[in-house]
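Residue numbers for the sequence shown follow numbering that gives the first Met the number 0, beginning at 0 and rising by one.
Heads up, the beta-carbon is just placed ideally off N, CA and C, and yes, glycines get one too.
For clarity, every value in this text was computed on a predicted model and none was experimentally measured.
First comes the structure, then the notes that go with it.
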Amino acid sequence: MPLELAISLLGSAVLCGVLAGTLRLHEQAMELRHQLRRVEAWHSDFGYTSRALGTLAQVQKLAESGVGIGTDTVRGIHHGIASIPFGILEAIPATRDTTRIVRAIHDQTADTVYGAIGLVNRMLGKGLRRGMGVDPSKEEPYRGMISDAEMVDFRHFIDTRPDPAEFRLRYPDVVLVVPGDIVTADYRADRSRFHALVDEGGRISGGEFR
Numbered sequence: 000m001p002l003e004l005a006i007s008l009l010g011s012a013v014l015c016g017v018l019a020g021t022l023r024l025h026e027q028a029m030e031l032r033h034q035l036r037r038v039e040a041w042h043s044d045f046g047y048t049s050r051a052l053g054t055l056a057q058v059q060k061l062a063e064s065g066v067g068i069g070t071d072t073v074r075g076i077h078h079g080i081a082s083i084p085f086g087i088l089e090a091i092p093a094t095r096d097t098t099r100i101v102r103a104i105h106d107q108t109a110d111t112v113y114g115a116i117g118l119v120n121r122m123l124g125k126g127l128r129r130g131m132g133v134d135p136s137k138e139e140p141y142r143g144m145i146s147d148a149e150m151v152d153f154r155h156f157i158d159t160r161p162d163p164a165e166f167r168l169r170y171p172d173v174v175l176v177v178p179g180d181i182v183t184a185d186y187r188a189d190r191s192r193f194h195a196l197v198d199e200g201g202r203i204s205g206g207e208f209r
């Protein structure tokens, strides 16, 4: 068997394994979403009879942040592991083009799944606290600049597509810049100014610190 054909077959086998792993990841994400909904229903019933609503809300908030950090950690590990076989196959001319296509599909699928988990976690957290009688608009704001530890929670907040008023209420010490605002051209490396992308409904859909 020619060496090039053998390498191509090996590359195809590895790519099939990666795709199978991605499908399993998607199935696990769907199962997690189902379990989170069951937890939401349980907490909704329990919240009405609890005398310690404030304490429960704080515990839930901590759990929500824990899930968010865990999800982002797993996402990073997943991409790191997947990059190894992709990098090897991209270095082989016979499998380079096919590998790049499959890698792009894999990365997009993985980011979509992990993003969906983070969004569901965030939305369920808000729903649970609302069921406990906690007004989301009265949650304690973040003071100061956004630290590395707070970036996970910040990204989850942006995933909920808040409006500018909600952003300024949550992060009063961060300058929010929306399209049309006039600002200085200086670059800020301390995450004190967020340039937002806004959708047609006027809600924040993304952006960057600069």
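Do you know how far the Cα of R99 is from the Cα of G86? The residue labelled residue 86 in the question sits at position 87 within the sequence shown. The residue labelled residue 99 in the question sits at position 100 within the sequence shown. Approximately 9 angstroms, taken between the alpha carbons.
Kindly indicate which three-state DSSP category V197 falls into: helix, strand or coil? As a first step, residue 197 is located in the sequence shown; it is residue number 198 there, counting from the start. V197: strand per DSSP, three-state reduction.
Quick one: residues in its chain with C-beta nearer than 8 angstroms to the C-beta of M144, no 5 flanking neighbours on either side, listed in chain order? Against the sequence shown, residue 144 aligns to sequence position 145. So the qualifying residues of the chain are D172, V173, D189, R190 and S191.
V177 to I91 span [Cα, whole Å]: Walking along the sequence shown from the start, residue 177 turns up at place 178. Walking along the sequence shown from the start, residue 91 turns up at place 92. Near 45 angstroms, if we compare the C-alpha coordinates of I91 and V177.
In whole angstroms, what is the alpha-carbon distance linking E30 and G179? Numbered from its first residue, the sequence shown carries residue 30 at position 31. Numbered from its first residue, the sequence shown carries residue 179 at position 180. Their Cα atoms are separated by approximately 43 angstroms.
Closest to A164 by C-alpha separation, out of D185, A195 and R102, would be which residue? Residue 164 sits at position 165 when you count from the first residue of the sequence shown. The candidate whose alpha carbon is nearest that of A164 is A195.
In chain order, what residues of the same chain lie with their CB nearer than 8 angstroms to the CB of A51, ignoring the 5 residues before and after it? By one-based count along the sequence shown, residue 51 stands at place 52. Residue placement at A51 is poorly supported in this model, since its pLDDT is 47, which falls under 50; the coordinates still yield a value, given next. Excluding positions up to five away in sequence, the list is empty.
Could you compute how far the alpha carbon of R202 sits from the alpha carbon of A93? Translated into the one-based positions of the sequence shown, residue 202 becomes position 203. Translated into the one-based positions of the sequence shown, residue 93 becomes position 94. If you take the alpha carbons of R202 and A93, they lie about 46 angstroms apart.
Looking at the secondary structure, which residues open and close the beta strand (DSSP E) in which I91 lies? Position 92 of the sequence shown holds residue 91. Segment: none, I91 is in no beta strand (DSSP E) and carries neither H nor E.
With 16 as the cutoff for other CB atoms within 10 Å, does H155 come out buried or exposed? Within the sequence shown, residue 155 is the residue found at index 156, counting from 1. H155 should be labelled buried.
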